[in-house]
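**Q**
In this note's numbering, the protein residues as written are 214 to 431.
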C-alpha cells in the first residue's frame with residue numbers, strides 16, 4: 214500500500230500488471246486498486262476515444278469507492294492499419310495477450326511500413342480545479358463532473374517477431390527506434406522513462422506536486 218502519509222488515489226483497474234506499473238510511475242501517491250474495495254460492475258467502454266473511455270472508468274470507480282480516482286485508457290496505433298487497433302487494442306482479437314500479438318503480426322504480413330505509436334490518456338476525478346494546472350493538463354467538464362486529463366505518446370515501430378520477456382500486452386513487438394529495443398527487452402525503469410503511460414504519469418505526478426492543501430486528495 215505504501216506510506217500511509219501519502220495522498221491516496223484509487224486506480225480504476227483490475228489489471229495487476231497495470232497497477233504495479235502505475236505504482237512505480239507515481240511513487241508520491243498511495244495508490245489503491247479496485248481489489249482493495251468491494252467488487253463493482255465493470256463499466257462498458259463505449260467511447261471512441263481514449264479520453265472518453267478513461268473518463269467512463271474513472272467516474273464509475275469514483276462513485277463506487279468515494280475517493281479521488283484515476284483511470285487510464287491506452288492503445289496501439291499502427292499506421293499500416295490506419296490507426297487500428299487504437300481504442301480496441303485490448304479487444305483486437307479474442308484470447309490472451311499472446312493471441313492478440315499473433316493476430317497483429319498476421320495483419321501486418323507484407324506491410325511496407327511498420328511504424329506505430331502507443332497512446333495513453335489518464336483521467337483523474339474527485340479533485341477541485343486548480344489554477345495552476347500547466348500547459349500539459351486539460352480539464353474536462355460533463356454531467357458526471359470535472360476531470361483532469363493528461364496524455365502521453367510514444368513513437369516506435371513493430372518488429373516481425375516477439376523480442377524480450379518483460380512487460381505485457383504488445384510490449385514484445387513494440388521497438389523504440391532510437392534504442393533499438395522492444396519495451397519487453399528494457400529494464401522497467403528505462404521503459405517507464407520512454408513509455409506512453411510513463412510520459413502521461415510524469416505529467417500527472419508534476420501536477421499533483423503543485424496542489425495546495427485545499428486540493429490534495431487524502
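Note that the Cβ used here is the ideal one computed from N, Cα and C, for glycine as well.
Please list, in chain order, all residues of the same chain as residue 360 whose beta carbon is under 6 Å from its beta carbon, the five residues on each side excluded.
**A** Result list for residue 360: 268, 336, 338, 353, in chain order.
**Q** Assign residue 322 to one of three DSSP states: helix, strand, or coil.
**A** Coil, per DSSP.
**Q** DSSP three-state label for residue 259, please.
**A** Coil, per DSSP.
**Q** Write down the C-beta distance between residue 235 and residue 224 rounded to the nearest angstrom, noting that I regard them as a contact closer than 8 Å.
**A** At roughly 5 Å, the Cβ-Cβ gap stays under 8 Å, so residue 235 and residue 224 are in contact.
**Q** Could you check how far apart the C-beta atoms of residue 410 and residue 365 are, in whole angstroms? I think they sit under 8 Å.
**A** Correct: roughly 6 Å between the Cβ atoms.
**Q** Can you tell me whether DSSP reads residue 385 as helix, strand or coil?
**A** Helix, per DSSP.
**Q** So what's residue 344 in DSSP terms, helix, strand or just coil?
**A** Low confidence applies here, because residue 344 scores a pLDDT of 46, under 50, leaving its location unreliable; read the following figure in that light. Coil.
**Q** Identify which residue in 395, 375, 362, 373 has its Cα closest to the Cα of residue 282.
**A** Residue 362 is the option with its Cα nearest to residue 282.
**Q** Between the stretch 257-264 and the stretch 230-247, do three or more beta carbon pairs fall short of 8 Å?
**A** Judged by Cβ distances under 8 Å, the stretch 257-264 makes no contact with the stretch 230-247, as fewer than three pairs qualify.
**Q** Count the other CB atoms, across all protein chains shown, that sit within 10 Å of the CB of residue 229; report buried if there are 16 or more and exposed otherwise.
**A** Answer is exposed; the Cβ neighbour count stays below 16.
**Q** Tell me the DSSP secondary structure of residue 370 in three-state form.
**A** Three-state result, residue 370: strand.
**Q** Can you check DSSP and say which residues form a bridge with residue 286?
**A** BP columns for residue 286 point to 334.
**Q** Tell me the rounded alpha-carbon separation between residue 345 and residue 220.
**A** Caution is warranted here: a pLDDT of 49 is assigned to residue 345, below 50, making its placement in the model unreliable, and the coordinate value is therefore given only provisionally. If I take the Cα positions, the gap works out to 19 Å.
**Q** Provide the residue span of the beta strand (DSSP E) that contains residue 243, from first to last.
**A** That run of the beta strand (DSSP E) goes 242-246.
**Q** Within 10 angstroms of the Cβ of residue 286, are there 16 or more other Cβ atoms? Answer buried if so, exposed if not.
**A** Answer is buried; the Cβ neighbour count reaches 16.
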